[in-house]
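Working notes for the structure below.
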Amino acid sequence: MPSPSSDAPAQVLSARGSDAPGRGDAAAGFVVRASGWILAVCGAIGLIAAFTLTVERLRLAEDPDYIPTCSINPILSCGSVMTTPQAEAFGVPNPLLGIAGFAALTALAVAVLSGATLARGLWLTIQAGLTFAVGFVHWLFFQSVYRIDALCPYCITVWIVTIAAFLYCTLRNLASGAIPLPHRAKPLAATAIRYHGVLLTLWLAILTGLVAEAFWYYWRTLL
Amino acid sequence: MTRNLKISVALVAVLLVGLLTVALVSDPSDEPAAAAETIAATTAGDSDDASAPAETGATVAPVLRPDSHRLSVARDGRVTLVEFLDFECESCGALYPLMEELREQYDGRVTFAIRYFPLPGHANAGTSALAVEAAARQGALEPMYRTMFETQAQWGEQQESKAPLFREFASRLGLDMRRFDRDVAAEATAARVLRDQQDGTALGIQGTPALYLNGRELTLESAEQLRADIDAALAESE
């Protein structure tokens, strides 16, 4: 099914809310155009992070005394995170899933950037993958902050790019109509699209606040 | 500037100001002193933190973490003996000469690691662990560990704080004393000790010394038994 990114915003335009006319289509157009870049950049960064984590995990497996490059201090330490059961949630090291997922995401996003038109089903598949990823990442966040009590810098990188990719993929699919919405929900979607940056900032700010609170005793010693 | 951008920038500003305010308002001076007490108060039976790993459905705490302290390191890393210890515990002090002997005997073949497990019944268990951890932060783990056990009779089983004596030990070892004082008081040092203790609690350790050979708990019977266990582990790993 053709859904060229250039004329995609049509769906939400017809249903924008009471806000200033014209703003909504501009925002939807921006989100659709920017999402290709955001998915490509997030995918590439995520791929590098997952790849590095896998290499570090292999080194640690070879030599139990190996100190991973991201083990900076007791809190910022991926060595202690990597060796937990949570680091192999599905029986294999998590970064392996990351390598596969981020590689696919990057490839598809680069294709979109170079003018390819993805079928609606493919966009929905990406959406499904990112929805799973964002859920998984929040489980990992919870485990890392409240159970393992350590943060791994590469993992944090993966959290951030996954959240950004999920958010912009979702907004893009809402703007293009790939995700069907009941009529009444359309103004809400239009508002979300218009304030895409606020959503991302708020999301990351909440997580930053939780990390700051959980490791407060430690951050304070750095002052 | 679009409203989207304005609100986003404002959010970031609010977050930064908020964090900075809390950082400046919260008083760091009152908490570090309580660190040693916190450690001492966290009894082995305290389920608060110990239950955490269990809840996740994960396996129990790791016997050895990547940042656990190693006194000796095996070249091939195949056999590891981990001791959960309390510097004030007399049995640990009694085991110490044997451990030193074993470290010499199995030098390069067995990794010997220690983990803090200060017991609540000992007034200076937490204080001594903090002092050793602070020394470890300056690369003086082994000499401080030795000093603690070699002088145990002179400071153990007493009620008053031996922090000044431990400070003297550190000074005699030629440590940077300003840094030592800061590390002893730092929450991160206490957190490091507490994490070892929590792992031990989660593993079900009731007393010290508790020995784990390649992740398996050992029952300490005699020096011969311990040597035989290590030899068996070495033979197994060939």
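In order, the protein sequences belong to chains D and Z. Per this note's numbering, the first sequence runs over residues 462 to 684. Per this note's numbering, the second sequence runs over residues 16 to 253. Ideal Cβ placement from N, Cα and C applies to all residues, glycine included. It should be emphasised that the depicted structure is a prediction, and the values quoted were computed from it without experimental measurement.
* Going along chain Z, which residues have a C-beta under 9 Å from glycine 440 of chain D? -> With chain D covering only 462 through 684, there is no way to say anything about residue 440 of chain D.
* Proximity of tyrosine 227 of chain Z and phenylalanine 102 of chain Z at Cβ, strictly below 9 Å -> no
* With DSSP as the reference, label valine 88 of chain Z as helix, strand or coil. => coil
* Neighbourhood of threonine 58 of chain Z by C-beta distance below 6 Å, restricted to the same chain and skipping five residues each side -> Below a pLDDT of 50, predicted positions are generally treated as unreliable, and threonine 58 of chain Z, at 40, falls in that range; no measurement from the model is reported.
* To do: Assign alanine 225 of chain Z to one of three DSSP states: helix, strand, or coil.
  => strand
* **6 Å Cβ shell around leucine 671 of chain D - same chain, five flanking residues per side excluded** => none
* Tell me whether valine 553 of chain D sits in a helix, a strand or coil according to DSSP, three-state version. => coil
* Asked: From alanine 65 of chain Z to glycine 171 of chain Z, what does the alpha carbon distance come to, in whole angstroms?
  -> In this prediction, alanine 65 of chain Z has a pLDDT of 36, which is less than 50 and means its spatial position is unreliable; nothing more can be read from the coordinates.
* Asked: Mapping DSSP to helix, strand and coil, what is isoleucine 528 of chain D?
  -> coil
* Of all the residues that make up the region 640-665 of chain D, which are near chain Z by a beta-carbon distance shorter than 7 Å? -> Arg655, Tyr656, His657, Gly658, Val659, Thr662 and Leu663
* **Distance between threonine 586 of chain D and cysteine 711 of chain D (C-alpha atoms, nearest Å)** => This structure gives no information on residue 711 of chain D, because the portion of chain D shown stretches from 462 to 684.
* Check the Cβ of proline 525 of chain D against every Cβ in chain Z and list those closer than 7 Å, keeping chain order. => Gly92
* For tyrosine 3 of chain Z, which residues does DSSP report across the bridge? -> The requested residue 3 of chain Z is not part of the displayed model; chain Z covers only 16 to 253.
* Would you check if the region 190-201 of chain Z and the region 123-133 of chain Z touch, i.e. whether three or more CB-CB distances between them fall below 8 Å? => no
* Note down the Cα distance separating arginine 18 of chain Z from leucine 26 of chain Z, rounded to an integer number of angstroms. => 12 Å
* Sufficient close CB pairs (3 or more, under 8 Å) joining the region 492-502 of chain D to the region 621-639 of chain D -> yes
* Asked: Any contact of the region 197-209 of chain Z with the region 147-159 of chain Z, i.e. 3+ C-beta pairs under 8 Å?
  -> yes
* Asked: Based on the DSSP output, what are the partners of glutamate 232 of chain Z in its beta bridges?
  -> Z:Tyr227
* Contacting residues, own chain, Cβ-Cβ under 6 Å from leucine 156 of chain Z (five flanking each side not counted) -> His84
* To do: Output yes if chain Z places a C-beta closer than 9 Å to the C-beta of alanine 570 of chain D; else output no.
  => no
* Can you give me, in chain order, the residues of the region 550-574 of chain D that have a beta carbon less than 8 Å from any beta carbon in chain Z? => none
* Would you call the CB atoms of leucine 86 of chain Z and alanine 38 of chain Z closer than 9 Å? -> no
* Proximity to alanine 28 of chain Z [Cα-Cα], best of D:Leu663, D:Gly507 and D:Ala675 -> D:Leu663
* Alpha-carbon spacing of valine 573 of chain D relative to histidine 657 of chain D, whole angstroms -> 20 Å
* Asked: Which of the three DSSP states, helix, strand or coil, is assigned to threonine 95 of chain Z?
  -> strand
* **Option nearest valine 88 of chain Z by Cα separation, candidates Z:Lys21, Z:Arg118 and Z:Thr223** => Z:Arg118
* To do: Go ahead and label tryptophan 600 of chain D buried or exposed: buried means 16 or more other beta carbons lie within 10 angstroms of its beta carbon, across all protein chains shown.
  => exposed
* Asked: In chain D, what lies closer than 8 Å to serine 237 of chain Z by C-beta?
  -> Neighbours of serine 237 of chain Z on chain D: none; closest Cβ ~29 Å, over 8 Å.
* Near leucine 612 of chain D, what residues of its chain come up, given a Cβ to Cβ distance below 8 Å and the 5 sequence neighbours on each side ignored? -> Ile536, Leu537, Ser538, Val542, Ser605, Val606, Val672 and Phe676
* Just the C-alpha distance for glutamate 115 of chain Z and arginine 210 of chain Z, rounded to the nearest angstrom, thanks. => 25 Å
* Secondary structure of threonine 592 of chain D, DSSP reduced to three states -> helix
* Asked: Hey, does alanine 495 of chain D have any beta-carbon neighbour from chain Z nearer than 9 Å?
  -> no
* Asked: Just reading off the alpha helix (DSSP H) that alanine 639 of chain D is part of, what are its end residues?
  -> Careful: alanine 639 of chain D lies outside any alpha helix (DSSP H) and carries neither H nor E.
* Determine whether the Cβ of alanine 203 of chain Z lies closer than 9 Å to any Cβ atom of chain D. => yes
* **Counted within 10 angstroms of its Cβ, other Cβ atoms place leucine 31 of chain Z as buried (16 or more) or exposed** => exposed
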